[in-house]
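A.B. asks: I have a structure I would like to understand better, so I am pasting it below and will then ask my questions one at a time.
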Amino acid sequence: MKRTTILTGATFGLIAAVSVTLFAKEKRDGPSALFKEYCAKCHGEDGTGKTPKGKQLRARDFTDAEWWSAKSDADMIKAVTTGGEEMPAFGKKLTAEQIETLVKDDVRSFAKRK
Ligand code: HEC
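Our numbering runs 110 ahead of the 1-based position in the sequence shown.
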């Protein structure tokens, strides 16, 4: 009886540890699924913008901390929502929350990951 309790406890502990590790890994290793789906075509999965499309349109290098530290979240959210010169507008495709997460968690995190 006691043995079973310990085993059950250990199993749950292990499952929790594995989930935490997997979740942490996903956060650290790459952009969100949303970024990959809508933004990586031009900005690249590494955020440098060195994709054929990104080079052609001259997308920014998101790993360049100097560039984006001069930009506020609000500036970038606005740019993604209404679009730029070559950058498409995402205000109709994505919700305001999705755009905010993309800017705060994806665009900003590229420079930190370098
Ligand atoms: C068709 C290519 C393309 C796609 C797709 C694209 N971008 Fe861009 N993006 C650009 C280009 C080119 C620029 C350079 C500035 C401009 O054209 O306004 C840019 C600029 C930006 C900027 C900087 C704006 C500023 O304030 O200077 C941000 C932030 C950004 N993109 C985020 C995103 C996000 C988030 C997505 C996905 C939802 C995305 N982009 C999808 C091409 C793209």
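All C-beta atoms, glycine included, are put in the ideal place defined by N, C-alpha and C.
Predicted model only: the values in this text are computed from it and were never measured.
Which stretch, first to last residue, makes up the alpha helix (DSSP H) that contains residue 66?
C.D. replies: The structure shown does not extend to residue 66, since the chain is modelled only from 111 through 224, so no value can be given for it.
A.B. asks: Compute the Euclidean distance between the alpha carbons of residue 148 and residue 201, then round it to the nearest angstrom.
C.D. replies: The count along the sequence shown starts at 1 and reaches residue 148 at position 38. The count along the sequence shown starts at 1 and reaches residue 201 at position 91. Each residue's Cα considered, the two are about 12 Å apart.
A.B. asks: Under the criterion of a Cβ to heavy atom distance below 7 Å, does residue 220 qualify as lining the ligand HEC?
C.D. replies: Counted from its first residue, the sequence shown places residue 220 at position 110. Not under cutoff, so the answer is no.
A.B. asks: Spell out a yes or no on whether the segment 158 to 174 and the segment 204 to 222 are touching, meaning 3 or more CB-CB pairs, one atom from each, closer than 8 Å.
C.D. replies: Because the criterion of three Cβ pairs below 8 Å is met, the segment 158 to 174 and the segment 204 to 222 touch.
A.B. asks: Within 10 angstroms of the Cβ of residue 141, are there 16 or more other Cβ atoms? Answer buried if so, exposed if not.
C.D. replies: Counting from 1 along the sequence shown, the entry for residue 141 is found at position 31. Flag for residue 141 reads buried.
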